[in-house]
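Structure first, commentary second.
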Amino acid sequence: MASSSSCSSFPLISLSFCPLFLLIVVQQVAAQYPAMTLTVVNNCPFTVWPAIQPNSGHDVLEKGGFALSTLTHRSFPAPTYHWSGRIWARTSCTFSGGRFSCATGDCGGRLECGGLGGAAPATLAQITLHHGGRRDLTSYGVSLVDGFNVGMTVTPHEGKGQCPVVGCRADLLATCPDVLQVRAAAGGHVVGCKSGCQAFGTDELCCRNKYNSPRTCRASTYSEFFKHACPATFTYAHDSPSLTHDCESPKELKVIFCH
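In mature numbering (1 follows the signal peptide of the UniProt record, and there is no 0), the protein residues as written are -31 to -1, 1 to 228.
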């Protein structure tokens, strides 16, 4: 609730109406960018459970997670103010003994992640909306820094400037090196491909401590496996993807699984 001191800068507004006035002002400031749609598409031949995690201080969208059947999509309004976060797919999810859990990307055993992050390995879409001031830029990328579970692309529509499709269309589960494979408990098939960091946990592979700089954090044979298959992705902490973009005011941003 606004205090009297908060309203003192509006001497012509009575204190009883000031909180409402401030709410209107905040809404007008927040709604400074044109409407935009976020769409999550499941082209995989199985159900996935998309998860959305906002960066610190940003709103949770769509309660942070939901189920999405094969060959369906879900569209929802994007924030009309600056927002950033990540989207990923959870796979092989089940309800058992009253508990929800997923073989990859699990967010603490919850259907609606509510702001929680996911367990690696998981392919991540990283998105920043409405930055760059009047230019209203949207930035996006696909990261394999935390490994891979499904192919993914990010596709903008009706944007100005450079707005390429980026991501990883390859099925890396089929070619994942043995030392990086994550297998399902039942059936033993490969459900995820770990990063070198997750597999071995060394400072060098995780770009920690003395390796935590662009000068000392380098590609490895493990990140090169991902980079060779999907050059337009981030594959280690200080990596740079091959495609750059400068996308202004797209009307829709699609995150497509198994594109």
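Beta carbons are placed, not taken as given, at the ideal position from N, Cα and C, and that holds for glycine.
First and last residue of the alpha helix (DSSP H) that includes Asp172? Asp172 to Cys175
Specify, as a first and last residue, the run of the beta strand (DSSP E) that Gln95 falls within. Secondary structure note for Gln95: its beta strand (DSSP E) is the uninterrupted segment Leu93 to His100.
Between Gly87 and Trp52, is the Cβ-Cβ spacing less than 8 Å? no
If you follow the beta strand (DSSP E) that Gln131 is in, where does it begin and where does it stop? Lys129 to Gln131
Could you give the DSSP three-state label for Ala72: helix, strand or coil? strand
Within 10 angstroms of its Cβ, does Phe194 collect 16 or more other Cβ (buried), or is it exposed? buried
Identify the continuous beta strand (DSSP E) that holds Glu221 and give its terminal residues. Glu221 to Phe226
Presumed contact (8 Å Cβ cut-off) between Ala139 and Cys76, rounded CB distance: With a Cβ gap of about 25 Å, Ala139 and Cys76 do not count as contacting.
Is Ala153 closer than 8 Å to Val160 when the C-beta atoms are compared? yes
Does the structure place the segment 30 to 47 close enough to the segment 79 to 97 that three or more beta carbon pairs sit under 8 Å? yes
Between the C-alpha atoms of Asp147 and His42, what's the straight-line distance to the nearest angstrom? 33 Å
Around the C-beta of Phe226, are 16 or more other C-beta atoms found within 10 angstroms, so that it is buried, or is it exposed? Looking at its Cβ environment, which holds 16 or more other Cβ atoms inside 10 Å, Phe226 is buried.
Look at the alpha carbon of Gly170 and the alpha carbon of His207, and state the distance between them as a whole number of angstroms. 17 Å
Pro219 and Glu127: beta carbons closer than 8 Å? Taking the C-beta atoms as reference points, Glu127 is found nearer than 8 Å to Pro219.
Given a cut-off of 8 Å, decide if Leu7 and Pro125 are closer than it, judged by their beta-carbon atoms. no
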